[in-house]
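Q:
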Amino acid sequence: MINHIVLYPILVQLFFAIVLLFAWNSVRLQKSISIFGCIVSLALSIWLFITIWTKGTLTVQAGNWEAPFGITFVADIFAATLVLLTAISGLAVTIFSAGTILLSRFKFGFLPVFHFLLLGLNGAFLTGDIFNLYVWFEIIIISSFVLITLGGEKKQLEGAIKYFTLNILASMIFLTAIAVLYGLTGSLNMADLALKVAEIDNRGLVEITALLFLIGFGIKAAIFPLYFWLPASYHTPPPAVMAIFGGLLTKVGVYALIRVFTLIFVGEDFLETIILSIAGLTLFSGAVGALVQNNIVKVFSYLIICHIGFMILGLGLYTEAAIAGAVFYLIHDIVVKTNLFMVSGLIYRIKGTFSMRDLGGLYAHHPMFSLLMIIPLFSLIGIPPLSGFWPKLALITESFKIGNYWLIGAVLFATFITLFVIARMWSEVFWKDGPVLKRIPNFRYFRLLNKKQKLQMIVPMVFLAVVSLYIGFGAEHIQRLSSRIAQELMNNQLYIEAVLNK
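Going by numbering that gives the first Met the number 0, 0 is the number at position 1 of the sequence shown; the sequence numbering is gapless.
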């Protein structure tokens, strides 16, 4: 049956993660298997996306148990898009890791754990069961915790403690919210919950439950004021791990927020004010945090927080055009942030430091690489017609329509601070004359790498840069996709009918 393709992105990652465990002693074989597995995953994700685009939402009922009694997997166009983006980022990162991850980390299981992480991400996007969303979140947390600690360096362990503590707290709050929701409705199927929550008379209890979900998902999405774990931990692992973290992990939290608050908790007026306030403060605090940093990885980490605010703003405005803008920005941000952390890895490989004070001279010595790095950096700012410009325009327009000028100010403030930060980074890292740095013992600089290793670093960056350019110059196609996603999210009856056949 065609419906079973919904499970393929999950099963293929599980299959290759297990296969990689049997290739434990051969790093070269592991790299080949991993890259091949990500190519297969990308092909299946494209197939799934095209099928959903032409045929509509597909569902699978595990064990042939009818919804809402069994475990449901759902692929609507929103989920299929994020699965495709996961495959794109996963392929880029696995190629990049082949040229940058230390041999010792490969021998301790980097690639199998990486595929388990992709498994968890795909499962979270495709599940139609709120409890299984929690289960997939736990798979993501466990896999990411292993990746962040792999190598056992002091800064990694310190960052991992902060990362794990806050995310476990988020999981506890999420699980508590699920328990309350199950007590109120007797169901865990998200489509069924959408019907039953709307019929509950005690709206106060529903609002408290919604707040618990907002806090639980908000920690994972790194919204204000729950974001402190992110800049304290994301700069500690290797650049390849930073790339998949920066591109996708916080976006799972954003996806969960959008899914739950457009499907289950709909029409709760008090949430609009809370979410809009959080969005504005997230934009402001993330921008200010990036402004005072000297380490380029910490700058990118704070910009992750800042730009989460754009997506939350679209959810808070809760119009079809605003949701479309949030989805457009989500698509753009996954690709650009993944590429930016790979850029930081290339800079580190060339210079041996992340400190802007100790960097400089990249454009003079590596002009082609510098021009390549312009694409994600300028896309991040949103210079027209690059990808970051179009969703911001939609969010500003919708904020103007409702007369909320302080939100327009927050968007413009975050945009100009991003422009200033990136301009300062370009000046410090690329234009100024670089200081003479002492050679780092046992560190293999970029010029000492062989041709294959250099290609493994450059090719994925070029790949994601091309995707970014397509998102920007082919904005009408991404806008049409985002608008369709927004229409389906705003009309949640389509999702309910697909799952429950009602």
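Backbone N, C-alpha and C define an ideal beta-carbon position, used for all residues, glycine too. Here the structure is a predicted model, which means the values were calculated and not measured.
Nearest to A255 by CA position, among F21, A239, L329, N403, is which residue?
A: Checked all of F21, A239, L329, N403; the closest Cα to A255 is L329.
Q: Might you give, ordered along the chain, the residues of its own chain that have their beta carbon closer than 7 Å to the beta carbon of I470, omitting 5 neighbours on each side?
A: Excluding residues within five positions, the ones whose Cβ falls inside 7 Å are I330, H331, V334, S386, I477.
Q: Is I227 helix, strand or coil by DSSP?
A: It should be noted that the sequence gives Phe, not Ile, for residue 227. It is coil, neither helix nor strand.
Q: Since Q455 is in the beta strand (DSSP E), which residue starts that stretch and which ends it?
A: Unbroken run through Q455 is the alpha helix (DSSP H), 450-472; no beta strand (DSSP E).
Q: Could you compute how far the alpha carbon of F269 sits from the alpha carbon of K451?
A: Roughly 56 Å separates the two Cα atoms.
Q: Taking 8 Å as the threshold (C-beta atoms), are T99 and A239 in contact?
A: Taking 8 Å as the Cβ cut-off, A239 and T99 qualify as a contacting pair.
Q: To which residues of the same chain is T175 closer than 7 Å at the C-beta, ignoring the five residues directly before and after it?
A: Same-chain partners within the cutoff: L211.
Q: Please name the residue in L280, F260, T281 whose C-alpha comes closest to that of E271.
A: The residue with the shortest Cα to Cα distance from E271 is F260.
Q: Check whether the Cβ atoms of T512 and G127 sit closer than 8 Å, and answer yes or no.
A: There is no way to answer for residue 512, as the model of the chain reaches only from 0 to 501.
Q: State whether the segment 15-25 contacts the segment 104-123, with contact taken as three or more CB pairs (one from each stretch) at a distance under 8 Å.
A: Counting Cβ pairs under 8 Å, three or more are found: they touch.
Q: Quick check on P126: does DSSP put it in helix, strand or coil?
A: The residue you asked about is not Pro; residue 126 is Thr in the sequence shown. Reduced to three states, the DSSP call for T126 is strand.
Q: Decide yes or no for the touch test of the segment 365-375 against the segment 304-322: beta carbon pairs closer than 8 Å, at least 3 of them.
A: As far as the Cβ criterion goes, the segment 365-375 does not touch the segment 304-322, which means the pair count is below three.
Q: Pick helix, strand or coil for Q292, following the three-state DSSP scheme.
A: Here Q292 sits in coil by DSSP.
Q: Where do the N-terminal and C-terminal ends of the alpha helix (DSSP H) with F72 fall, by residue?
A: Run containing F72: none in the alpha helix (DSSP H); it sits in the beta strand (DSSP E), 71-74.
Q: Where in the segment 186-212 do unbroken runs of the beta strand (DSSP E), each at least 3 residues long, occur, reported from the N-terminal end onward?
A: The qualifying runs do not exist here; there are none.
Q: Between F227, K336, M310, K431, which lies nearest to T164 when the distance is taken from Cα to Cα?
A: Minimum Cα distance to T164 is reached at F227.
Q: Could you name each continuous alpha helix (DSSP H) segment of 4 residues or more that falls completely within the segment 130-174, going from the start of the chain to the end?
A: Taking only runs of at least 4 residues, no alpha helix (DSSP H) segment lies wholly in the segment 130-174.
Q: Assign Q155 to one of two classes, buried (16 or more other C-beta atoms within 10 Å of its C-beta) or exposed (fewer than that).
A: Buried is the call here.
Q: What three-state label does DSSP hand L101 in the structure shown?
A: Looking at L101 - three-state DSSP - the assignment turns out to be coil, as it is neither helix nor strand.
Q: So, at 7 Å on beta carbons, what are the nonlocal neighbours of S142 in its own chain, with the 5 sequence-adjacent residues on each side left out?
A: The residues are V112, F115, L116, G119.
Q: Across the segment 57-67 and the segment 482-491, are there enough close Cβ pairs to call them in contact, namely three or more that are closer than 8 Å?
A: Verdict: no, contact absent.
Q: Report yes if the C-beta distance between I139 and A220 is below 8 Å; otherwise report no.
A: No, the pair does not count as a contact, with Cβ atoms beyond the cut-off.
Q: Considering only C-alpha positions, which residue in the set L83, L146, W135, R27 is nearest to A97?
A: Looking at the Cα atoms, R27 is the closest of the given residues.
Q: To which residues of the same chain is A123 closer than 8 Å at the C-beta, ignoring the five residues directly before and after it?
A: So the qualifying residues of the chain are L132, W135, F136, I139, V251, Y254, A255.
Q: Are the segment 416-423 and the segment 400-408 touching, with three or more C-beta to C-beta distances below 8 Å?
A: No contact exists between the segment 416-423 and the segment 400-408.
Q: Please state if the CB of I295 and the CB of V92 are separated by a distance shorter than 8 Å.
A: No, the pair does not count as a contact, with Cβ atoms beyond the cut-off.
Q: Taking CB distances under 8 Å as the criterion, tell me whether L117 reaches chain B.
A: Considering every chain present, this structure includes no chain B. It has just one protein chain.
Q: Quick one: residues in its chain with C-beta nearer than 6 Å to the C-beta of S378, no 5 flanking neighbours on either side, listed in chain order?
A: Within the same chain, S378 has close Cβ partners V335, L385, S386, G387, S467.
Q: DSSP has S354 in a bridge; who is on the other side?
A: Per DSSP, N294.
Q: Pick helix, strand or coil for L385, following the three-state DSSP scheme.
A: Here L385 sits in coil by DSSP.
Q: To the nearest angstrom, report how far apart V461 and V342 are at their CA atoms.
A: Their backbone Cα atoms lie some 11 Å apart in a straight line.
Q: If you measure between the beta carbons of F340 and M241, is that distance less than 8 Å?
A: Yes.
Q: Residue range of the alpha helix (DSSP H) that T56 falls in?
A: Looking at the DSSP string, T56 is not in any alpha helix (DSSP H), and its letter there is neither H nor E.
Q: If you drop the 5 nearest sequence neighbours on each side, which residues of the same chain put their C-beta closer than 7 Å to that of S354?
A: Correct list, in chain order: N293, N294.
Q: Do S44 and P8 have their beta-carbon atoms positioned less than 8 Å apart in this structure?
A: Cβ distance < 8 Å, so P8 and S44 count as in contact.
Q: Do you know offhand how far N338's Cα is from F299's?
A: If I take the Cα positions, the gap works out to 11 Å.
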